[in-house]
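Using this note's numbering, you'd call the opening residue of the sequence shown number 79 and step up by one each time. Remarks on the structure that follows.
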Amino acid sequence: MAAVRYKMKCPKCRKNYVVVTRRQSFVRCYDCQKADMKGEIKDPKMKKMFKIPEEFYKENSFLRAIKVNYLRYESLSERQVEAFEKVVKQMKEDKKEAKKEEKKPTSSA
Ligand SMILES: [Zn+2]
Numbered sequence: 079m080a081a082v083r084y085k086m087k088c089p090k091c092r093k094n095y096v097v098v099t100r101r102q103s104f105v106r107c108y109d110c111q112k113a114d115m116k117g118e119i120k121d122p123k124m125k126k127m128f129k130i131p132e133e134f135y136k137e138n139s140f141l142r143a144i145k146v147n148y149l150r151y152e153s154l155s156e157r158q159v160e161a162f163e164k165v166v167k168q169m170k171e172d173k174k175e176a177k178k179e180e181k182k183p184t185s186s187a
């Protein structure tokens, strides 16, 4: 289920690299999108959904794109919401795993 990811230079600032998947058409680095991600979210459900650690947005350009999209159009398709939640869940699990590895570098099974 691994999506193909690759690094490309941000087309806007041409300075920072962004990790993207092939399906992604709009690419910006975190620095360039930071301003676009600021805005008031009125819908409490959406507010909750977008309330994730800032580092997730830094690491994942897809999450940024969804947030920027929502702030611009104030709506998301069901599929976008689903995809967003799926990515967040995956990232949370990955972090948990990483922490576990850190704590006990040698596993005695
Ligand atoms: Zn940039």
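The beta-carbon is built from N, C-alpha and C at its ideal position, and this holds for glycine as well.
Self-check item: Within 7 Å of ligand 3: residues by beta-carbon to any heavy atom
Solution: Only ligand 1 can be found as ligands here, which leaves ligand 3 out of the picture.
Quiz item: Nearest to Gln168 by CA position, among Ser153, Glu137, Glu156, Tyr151, is which residue?
Solution: Taking the sequence shown and counting its residues from 1, one reaches residue 168 at position 90. Selected option, being the one with the closest Cα: Glu137.
Practice problem: From the DSSP output, read off the bridge partner residues of Tyr151. | Solution: Along the sequence shown, read from residue 1 onward, the residue named residue 151 stands at position 73. According to DSSP, Tyr151 bridges with nothing at all.
Quiz prompt | Cβ pair Ala128, Lys145 closer than 8 Å | solution = For this step, residue 128 is matched to residue 50 along the sequence shown. For this step, residue 145 is matched to residue 67 along the sequence shown. It is Phe, not Ala, that sits at residue 128 in the sequence shown. Contact flag set, yes.
Quiz item: Given a threshold of 16 other Cβ atoms within 10 Å of its Cβ, counted over all protein chains shown, does Phe104 qualify as buried or as exposed?
Solution: As a working mapping, residue 104 is identified with position 26 in the sequence shown. By the 10 Å Cβ count, Phe104 comes out exposed.
Practice problem: Decide if Arg83 is buried, meaning its Cβ has at least 16 other Cβ atoms within 10 Å, or exposed. | Solution: Translated into the one-based positions of the sequence shown, residue 83 becomes position 5. Burial call: exposed.
Quiz item: If you draw a straight line from the alpha carbon of Gln111 to that of Cys88, how long is it in whole angstroms?
Solution: Here residue 111 refers to the residue found at position 33 of the sequence shown. Here residue 88 refers to the residue found at position 10 of the sequence shown. About 11 Å.
Self-check item: Which of helix, strand or coil DSSP assigns to Val30
Solution: Since the first and last residues shown for the chain are 79 and 187, residue 30 lies out of range.
Quiz item: Among Lys85, Val97, Met115, which residue has its Cα nearest to the Cα of Arg150?
Solution: Indexing the sequence shown from 1 puts residue 150 at position 72. Looking from the CA of Arg150, the closest CA among Lys85, Val97, Met115 belongs to Met115.
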